[in-house]
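Just so you know, the sequence shown maps onto residues 1 to 90 in full-length UniProt numbering.
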Amino acid sequence: MKPGLVGRVLYTLFALGAAHLLLLAGVEAQRGWALRAELGIVSGQVEALRAEVHALKDELAHAEDPAYLEARARALGYVHPDEVLHAPPR
């Protein structure tokens, strides 16, 4: 091989390697941005689920209270056996 040809081959290989390195860096940067965005979405979902768990725990704490149970039953339209339910006219 001629000395000039070896230099050109090495230069071409170096240029291709540098381009490949830049491509890989760009792909990894895009993956990092996508993961960061997904982390924000998942964090919001976690906070919503924590709030739901808190509300359910509050409701469970009231489950043994007779007044709370009666209020829930009346909200669902239940009445005591000795009561008469009057429906509004249509």
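Backbone N, C-alpha and C fix where the C-beta goes; we use that ideal spot for every residue, glycine too.
Helix, strand or coil: how does DSSP classify residue i here?
i: H20; result: helix
i: residue 94; result: Outside the modelled stretch of the chain, which goes from 1 to 90, sits residue 94, for which no answer is possible.
i: A71; result: helix
i: residue 138; result: Since the displayed the chain opens at 1 and closes at 90, residue 138 lies outside it and no answer follows.
i: V84; result: coil
i: R31; result: helix
i: L10; result: helix
Which runs of the beta strand (DSSP E) spanning at least 3 residues fall entirely within the segment 36-66, listed in chain order? For the segment 36-66, there is no continuous beta strand (DSSP E) assignment of 3+ residues that stays within its boundaries.
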